[in-house]
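Number of protein chains: 2
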Amino acid sequence: MTVSSSLQTSAELAGWARGLEQSALQKMLVATARPGIVSFALGMPAVELFPREALAEAAERVLSVNAGALQYSPPLQSLKQHVRELMKQRGVNCREEQIFLTAGAQQGMSLLSRLLLEPGSSVITEELIYSGFQQVLDPFQPQVLTVSTDAETGMDVDAVEKYLNGGARPSFIYSITDGHNPLSVRLCSSKRTRLVELAEEYRVPIIEDDAYGFLCYEDPLPPLRALSDVSVFYVGSFSKILAPALRVGWLVVPEELILPLSVIKESTDIDAAPLSQRIVNAYLDTGGLRGQIDMLRTQYRLKRDTMLRALAENFPDTARWTRPDCGFFVWVELPSRVDVDELFRRALEDEHVAFIPGHAFSVNKKRSSSIRLNFSHPTTAQIEEGIPRLARVLKSALS
Amino acid sequence: MTVSSSLQTSAELAGWARGLEQSALQKMLVATARPGIVSFALGMPAVELFPREALAEAAERVLSVNAGALQYSPPLQSLKQHVRELMKQRGVNCREEQIFLTAGAQQGMSLLSRLLLEPGSSVITEELIYSGFQQVLDPFQPQVLTVSTDAETGMDVDAVEKYLNGGARPSFIYSITDGHNPLSVRLCSSKRTRLVELAEEYRVPIIEDDAYGFLCYEDPLPPLRALSDVSVFYVGSFSKILAPALRVGWLVVPEELILPLSVIKESTDIDAAPLSQRIVNAYLDTGGLRGQIDMLRTQYRLKRDTMLRALAENFPDTARWTRPDCGFFVWVELPSRVDVDELFRRALEDEHVAFIPGHAFSVNKKRSSSIRLNFSHPTTAQIEEGIPRLARVLKSALS
Chain A
0 MTVSSSLQTS AELAGWARGL EQSALQKMLV ATARPGIVSF ALGMPAVELF PREALAEAAE
60 RVLSVNAGAL QYSPPLQSLK QHVRELMKQR GVNCREEQIF LTAGAQQGMS LLSRLLLEPG
120 SSVITEELIY SGFQQVLDPF QPQVLTVSTD AETGMDVDAV EKYLNGGARP SFIYSITDGH
180 NPLSVRLCSS KRTRLVELAE EYRVPIIEDD AYGFLCYEDP LPPLRALSDV SVFYVGSFSK
240 ILAPALRVGW LVVPEELILP LSVIKESTDI DAAPLSQRIV NAYLDTGGLR GQIDMLRTQY
300 RLKRDTMLRA LAENFPDTAR WTRPDCGFFV WVELPSRVDV DELFRRALED EHVAFIPGHA
360 FSVNKKRSSS IRLNFSHPTT AQIEEGIPRL ARVLKSALS
Chain B
0 MTVSSSLQTS AELAGWARGL EQSALQKMLV ATARPGIVSF ALGMPAVELF PREALAEAAE
60 RVLSVNAGAL QYSPPLQSLK QHVRELMKQR GVNCREEQIF LTAGAQQGMS LLSRLLLEPG
120 SSVITEELIY SGFQQVLDPF QPQVLTVSTD AETGMDVDAV EKYLNGGARP SFIYSITDGH
180 NPLSVRLCSS KRTRLVELAE EYRVPIIEDD AYGFLCYEDP LPPLRALSDV SVFYVGSFSK
240 ILAPALRVGW LVVPEELILP LSVIKESTDI DAAPLSQRIV NAYLDTGGLR GQIDMLRTQY
300 RLKRDTMLRA LAENFPDTAR WTRPDCGFFV WVELPSRVDV DELFRRALED EHVAFIPGHA
360 FSVNKKRSSS IRLNFSHPTT AQIEEGIPRL ARVLKSALS
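Protein chains in written order, with numbering that gives the first Met the number 0: chain A, 0 to 398; chain B, 0 to 398.
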C-alpha cells in the first residue's frame, strides 16, 4: 500500500515521502516470518552461528561492573581501538581518529549521504545495488548516473571514467567492492586501482560499502580504503560477523569528517555510546572475533557449496548463476521468458519457498529475469530441500 | 572548531553542513567527563538510580532463551503493548497500531521532521527550546516562527494563533508541554486546550516532546496527545525513566504515518528490533517500571528541593529562578549585567562547576543573562557543595 494523498490527520508530508511504499525487504521480513517457509530472500546471517553465549557473558560483564554503562557517554574509545585492529586484518591501516561508530552499516551510509548530498546533487552507482542504499538516496532525489556490472570483474570503471571525463561531478561514487549485493561479484584488482585513481584525479569520494567484506571464501583482496585514505569513505558493520540486533557498525573516513558526522548523528539519535557498543567491546576484549570469523567463513562456504551443488543438480541448463567468493548471495539469471514476479508468487504459495526478484535492486526499475538467492540464513538441509522445490516451480513456469 | 571550507579530502559537503560546529551539549559531555567537576550542565539522569540489576537480569533472560534475539526482526509487538499500558498511566489512550518504536526521543523527532519538512517549510516553536531539536531542523533550514514563553503558563498560544490567523501554514508546532527544557515550566491547562483547538482548526500538527513527562513532582496534567489523536504526534522515551544507553523510545502517531515512518527508519538504521528493545521489553515484563518511576519522582523531587534551598541560601537577591514541577532543570535569570559565557569559564576554571548558558537554547541566538541548572544528575551532596561554589563566582562577577 502507498500513503494516501488524503491523510486523515492534519499532516502534510514532504513531497518525496508521499509515494512511500513498504520496501521489498520489509515485506519479506514479515512474509518469511511465517513458519514452514524456506527463505532464500533476505540477507540475514545464520542464527545458529551467532556467538550467543559469549555475547551473553559480555553483556553480563558490562552490566555487572557499574551502572555507568547505562548512561549517556561519548563514543567508546576502546571500541575504536578494536575496530582499528580489525581493519588491519582487512588489510587497512587507519588511525582511531578516523573511526566513527555507527548503529550499523545502514546508519553509516545514511549519515554520509546526509553529509554529502543536497538538492541538485548527482551520484554514480551500478545499475543493480543494495536496495537499502537506494532508500538512503530517496529523500535527496539526486541524479543517479548508473553504470553496468561485469559478472566477472565487477563495476564498469570505464563507464565511470566516461561520466567524469564528460564533466559529471557527482557527490560520490558508491561501490560494493566485495561480496556484491545483489550480484555476488567482486571488483577485480586492476579495476580497484583504476577506480581509486579516478576518485583522486577528479576529487570525487568513494563510499565503499563493505558489509560483507570480512566473509570472503577465497583469497581476499584489500578493499579500496587500503589504496587511499582521503578519497575512500569505508563503511563497516558487526551485523554479519557478530549479530545484527546489536546495531553496531563503523566508518573509516578522513579525520576532518568526524566532527560533522558527530553533529549529524547527534541530531539523529544522540551520538552517545549505546549499551550495545559496550557489549560488542566486551566481546572483542575476549579476542574471540578472529575465531568467530574463521568459523563463519567455513560454515558459509559450506552453505554456498551446498547451494551451488543443488542448483547444478536441479536447475535447468538454461539458467546461469554466479559462484560467489564472498558474501551471502547467488545471483541467478533465468531464461528471459520467465516472469520472476509470477515465479515468486507461485514459489511462495505452491512450494513455500521465497527469494527476491532481481529487479528489486534495479536503480532504474529495469525488468529482468534474474533472482537473488541467499545461502547464509537457511541451514544446509533447508537449502537441499528448498532448491529442488524452487526448481519445480521454475520448470513448471518454463513448460 | 568549525569544518574548514578547504577540506583535505575530495569531499564537498552539503551546504548546510559546511558551518557545523560541535554542539554545546557534546562539548559539555566531554568537558564534564573530567574528574572533580560538579556538573549542573547536561540533562542526564542519575546513575545511582538506574535499575542496573534488574536490567542485567533482563539482558540475561533475553540472551539465555535463544539466539533469535540477536537477529534482524520486525519491531517488537510485545514492547508496543507495554508502551500502550505506559501511555495509559500518562492519561493517554492509544492503540498498538499507533505506536512506532524508535532509538530514543531524538530519533523520534528526527524521523518526524524528515517526514514533514521540505525546502521552504516553516515551523512554529518557542524562542527557547531543547537545542537537540534545533539540530533536527538544521538540514531543512525551515523558516522558524518563534513565540515567547510565559514563566508561569508556558508557550504564548495567542502568538501561535496570530501566526496561523495571519496566514502562516507551518509544517508543525513544536511543544515541550511538561518539564520544559530549558525553561522548566509547564503549559497550563487552558492553553493546552486552546493549542490543540488551533492545531485542529488550522490543520497543523503538533509535535509533542514528552521526554520528561513521566517525571512530574506535583499533580501531573495529561499531555496534549490526550486531547487529540489526529493532530498531536507524541514523542516518548525510556532514556529518563529507565536508562539512556538503551536508546529506546517511541512515537504515538496516527496509524497512517506508521508505514512512511518505518520506511524512513529503515533507510536510517534498518527498522529491525535491536537487542536493547528486547532488554527493555523483558524488564517491563517484570512490572517493575511503575515502582521505578515512583522512586525516581521521590528522589528527583528531593534533589530539586535541595537545589532550590541551596539557591535561596546562596544566590543573590537579584537572581530569580523557576520552581520546576516536572523535569530535570532550574532556569535562573541573573542580573542583566552578568556575562554568562564569562561566568561559565570562571565557574569551570576557578570552582570546577559547570552549567549551560541560557542562550545555547535560543532559536534566534538571542543573548541573555540566564543559565540552565540540572539537578537530576548530581547527588544531593554535590548540589549542596556546587551551588555555593557557583554563587561565589557569581558574586565575584557582580562585585
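For glycine and all other residues, C-beta sits at the position ideal for the given N, C-alpha and C.
Reference residue i; option with closest CA among the options
i                : options                                : result
Asp270 (chain B) : A:Lys26, A:Gly14, A:Trp15              : A:Lys26
Arg336 (chain B) : B:Ser183, B:Leu397, B:Leu28            : B:Leu397
Gly90 (chain A)  : A:Val156, A:Glu52, A:Tyr233            : A:Tyr233
Val252 (chain A) : A:Phe237, A:Ser22, A:Asn92, A:Asp228   : A:Asp228
Met306 (chain B) : B:Asp293, B:Leu110, B:Arg322           : B:Arg322
Pro181 (chain B) : B:Ala16, B:Ser361, B:Arg296            : B:Ser361
Ala390 (chain A) : A:Phe343, A:Pro377, A:His358           : A:Phe343
Leu214 (chain B) : B:Asp293, B:Ser174, B:Thr192           : B:Asp293
Gln97 (chain A)  : A:Ile257, A:Ile386, A:His358, A:Arg345 : A:Ile257
Ala346 (chain A) : A:Leu393, A:Arg193, A:Lys190, A:Pro334 : A:Leu393
Ser174 (chain A) : A:Gly166, A:Gly165, A:Lys190           : A:Lys190
Ser183 (chain B) : B:Leu69, B:Asp324, B:Lys365            : B:Asp324
Leu241 (chain A) : A:Arg296, A:Glu254, A:Arg224           : A:Arg296
Ala32 (chain B)  : A:Ala53, A:Ser63, A:Pro222, A:Tyr71    : A:Tyr71
Ser112 (chain A) : B:Lys87, B:Ser266, B:Gly42             : B:Ser266
Asp218 (chain A) : A:Cys187, A:Arg202, A:Glu200, A:Thr192 : A:Cys187
Met315 (chain A) : A:Ala57, A:Glu125, A:Ser395            : Before going on, a small fix: residue 315 (chain A) reads as Pro here, not Met. When only C-alpha atoms are compared, the closest one is A:Ser395.
Endpoints, the alpha helix (DSSP H) within which residue i is located
i                : result
Leu260 (chain B) : 257-268
Thr379 (chain B) : 379-397
Glu56 (chain B)  : 51-64
Thr176 (chain B) : It is not in any alpha helix (DSSP H) - Thr176 (chain B) carries neither H nor E in the DSSP assignment.
Val252 (chain A) : From DSSP, Val252 (chain A) is part of no alpha helix (DSSP H); its letter is neither H nor E.
Leu41 (chain A)  : From DSSP, Leu41 (chain A) is part of no alpha helix (DSSP H); its letter is neither H nor E.
Ser189 (chain A) : 188-200
Glu399 (chain A) : Shown here, chain A extends from 0 to 398; a query on residue 399 (chain A) therefore has no answer.
Lys26 (chain B)  : 23-30
N- and C-terminal bounds of the beta strand (DSSP E) containing residue i
i                : result
Val329 (chain A) : 328-332
Leu127 (chain B) : Looking at the DSSP string, Leu127 (chain B) is not in any beta strand (DSSP E), and its letter there is neither H nor E.
Thr305 (chain A) : Run containing Thr305 (chain A): none in the beta strand (DSSP E); it sits in the alpha helix (DSSP H), 288-313.
Val234 (chain B) : 231-236
Glu207 (chain B) : 205-208
Phe99 (chain A)  : 98-101
Proximity test, residue i beta-carbon vs the ligand ZN heavy atom, cut-off 7 angstroms
i                : result
Asp349 (chain B) : Ligands are entirely absent from the displayed structure, and the ligand ZN is therefore not among its contents.
Residues bridged to residue i [DSSP beta-bridge criterion]
i                : result
Asn373 (chain A) : A:Phe328
Tyr282 (chain B) : Its beta-bridge partners do not exist; DSSP assigns none.
Gly153 (chain B) : B:Asp149
Pro356 (chain A) : A:Ile370
Ser361 (chain A) : A:Leu127
Val159 (chain B) : DSSP, once it has assigned bridges, lists no residue as partnering Val159 (chain B).
Val37 (chain A)  : A:Val352
Cys215 (chain A) : A:Cys325
Glu319 (chain A) : Reading off the sequence shown, one finds Arg at residue 319 (chain A), where the question assumed Glu. Per DSSP, A:Glu332.
Contacts that residue i makes with chain C (C-beta to C-beta distance below 8 angstroms)
i               : result
Gly14 (chain A) : Among the protein chains of the structure shown, namely A and B, there is no chain C.
### Query
Between the region 78-87 of chain B and the region 165-185 of chain B, are three or more C-beta pairs nearer than 8 angstroms?
Too few Cβ pairs lie closer than 8 angstroms, so no.
### Message
For the pair the region 32-40 of chain A and the region 350-360 of chain A, tell me if three or more CB-CB distances fall below 8 angstroms.
### Response
Yes: at least three Cβ pairs fall under 8 angstroms.
### Query
Is there contact here, the region 364-373 of chain A with the region 327-341 of chain A, by at least three beta-carbon pairs under 8 angstroms?
Three or more Cβ pairs drawn from the region 364-373 of chain A and the region 327-341 of chain A lie within less than 8 angstroms of each other, which places the two stretches in contact.
### Task
Using a Cβ-Cβ cut-off of less than 9 angstroms, list which residues of the region 263-276 of chain A approach chain B; keep chain order.
With the criterion set as a beta carbon lying under 9 angstroms from some beta carbon of chain B, the members of the region 263-276 of chain A are Ile263, Glu265, Ser266, Thr267, Asp268, Ile269, Asp270, Ala271, Ala272, Pro273, Leu274, Ser275, Gln276, in sequence order.
### Query
What residues in the region 35-48 of chain B bring their beta carbon closer than 8 angstroms to a beta carbon of chain A?
Of all residues in the region 35-48 of chain B, only Leu41, Met43, Pro44, Val46, Glu47 place a beta-carbon less than 8 angstroms from a beta-carbon of chain A.
### Message
I want to know whether the region 61-77 of chain A touches the region 264-279 of chain A - three or more CB-CB distances under 8 angstroms.
### Response
Counting C-beta pairs closer than 8 angstroms gives three or more between the region 61-77 of chain A and the region 264-279 of chain A, which meets the contact rule.
### Query
Below 8 angstroms, can you find three or more Cβ-Cβ pairs linking the region 153-160 of chain A to the region 305-316 of chain A?
Output reads no: the region 305-316 of chain A does not touch the region 153-160 of chain A.
### Query
Between the region 133-147 of chain B and chain A, which residues of the former have a C-beta closer than 8 angstroms to a C-beta of the latter?
Contact annotation: in the region 133-147 of chain B, residues whose CB is within less than 8 angstroms of a CB in chain A are Gln134, Val135, Asp137, Pro138.
### Task
Identify each residue in the region 201-212 of chain A for which the Cβ-Cβ distance to at least one residue of chain B is less than 7 angstroms, and report them in chain order.
Using a CB distance below 7 angstroms, the part of the region 201-212 of chain A facing chain B consists of Arg202, Val203, Pro204, ordered along the chain.
### Query
Counting pairs of Cβ atoms below 8 angstroms between the region 145-157 of chain B and the region 48-60 of chain B, do you hit three or more?
With the cut-off at 8 angstroms, the region 145-157 of chain B and the region 48-60 of chain B do not touch.
### Query
Going along the chain, which residues of the region 56-79 of chain B sit with their C-beta nearer than 7 angstroms to a C-beta in chain A?
Of all residues in the region 56-79 of chain B, Ala58, Glu59, Leu62, Ser63, Ala66, Gly67, Ala68, Leu69, Gln70, Tyr71, Pro73 have a Cβ within less than 7 angstroms of some Cβ in chain A.
### Query
When you check each C-beta in the region 221-249 of chain A against every C-beta of chain B, which residues fall closer than 7 angstroms?
Taking 7 angstroms as the Cβ-Cβ cut-off against chain B, the residues of the region 221-249 of chain A that qualify are Val229, Ser230, Ala242, Pro243, Ala244, Leu245, Arg246.
### Query
Is the region 293-307 of chain B in contact with the region 130-139 of chain A, if contact means three or more CB pairs nearer than 8 angstroms?
As far as the Cβ criterion goes, the region 293-307 of chain B does not touch the region 130-139 of chain A, which means the pair count is below three.
### Task
Can you give me, in chain order, the residues of the region 78-106 of chain B that have a beta carbon less than 7 angstroms from any beta carbon in chain A?
In summary, the residues of the region 78-106 of chain B whose CB is separated from some CB of chain A by less than 7 angstroms are Ala102, Gly103, Gln105, Gln106, in the order they occur in the chain.
### Query
Using 8 angstroms as the Cβ pair cut-off and three pairs as the minimum, do the region 261-269 of chain B and the region 11-31 of chain A touch?
With the cut-off at 8 angstroms, the region 261-269 of chain B and the region 11-31 of chain A touch.
### Message
I'd like to know if the region 87-107 of chain A and the region 202-215 of chain A are in contact, where contact means that at least 3 CB-CB pairs between them fall below 8 angstroms.
### Response
The answer is yes - the region 202-215 of chain A touches the region 87-107 of chain A, with three or more Cβ pairs under 8 angstroms.
### Task
Flag this pair as touching only if the region 115-122 of chain A and the region 232-249 of chain B have three or more C-beta atom pairs under 8 angstroms; answer yes or no.
No: the two stretches stay apart, fewer than three of their Cβ pairs being nearer than 8 angstroms.
### Query
What residues from the region 352-384 of chain B come within 7 angstroms of chain A, judged by C-beta to C-beta, listed N to C?
Listed by position along the chain: nothing, the set is empty.
### Task
Give the residues from the region 322-347 of chain B that approach chain A closer than 7 angstroms (Cβ to any Cβ), ordered along the chain.
If you check each beta-carbon in the region 322-347 of chain B against every beta-carbon of chain A, none falls closer than 7 angstroms.
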